[in-house]
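In terms of the numbering used here, the sequence shown opens at residue 4 and continues consecutively.
A virtual CB, placed ideally from N, CA and C, is assigned to each residue, including glycine.
Here's the structure, in structure tokens; my notes come after.
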Amino acid sequence: MSRKCDYCGKTRVRGFQITRRGLAKKKGGVGKKITGRNKRDFRPNLQYVRAVIEGEIHRVRICTGCLKRGKVTKPPQKVRPVVAVAAPAPETTEAAPAEPKPEEGAEE
């Protein structure tokens, strides 16, 4: 499995990790000195994504640069059916209507 973007072909780049010591001239020192160079790889930030390619959905490895630029089309989200749960029916009690209370100042 290669570490390569399926769209733009970006791969690793070989380089060096440079170790320096000393104080920079602009900070009042005599300058930085290189004390070591170690080989290293600069790898692309690859992500597995589902993409629509020629009308079909495939999983591809694509770098985040291509992903941000919108060079691939993602498929629509899967629609999951909503399961409706039947709520219990509210209880209805047929109570006799309460008689109105006579007002306090009124006599019959």
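Shortest Cα-Cα distance from residue 34 to any of 41, 24 and 43 involves 24.
Boundaries of the alpha helix (DSSP H) harbouring residue 71: 67 to 72, taken from the DSSP string.
Below 8 Å, too few C-beta pairs join the region 53 to 69 and the region 86 to 97 to call them touching: fewer than three.
For residue 20, DSSP records a beta bridge to 41. Here DSSP, grouped into helix, strand and coil, assigns residue 7 to coil.
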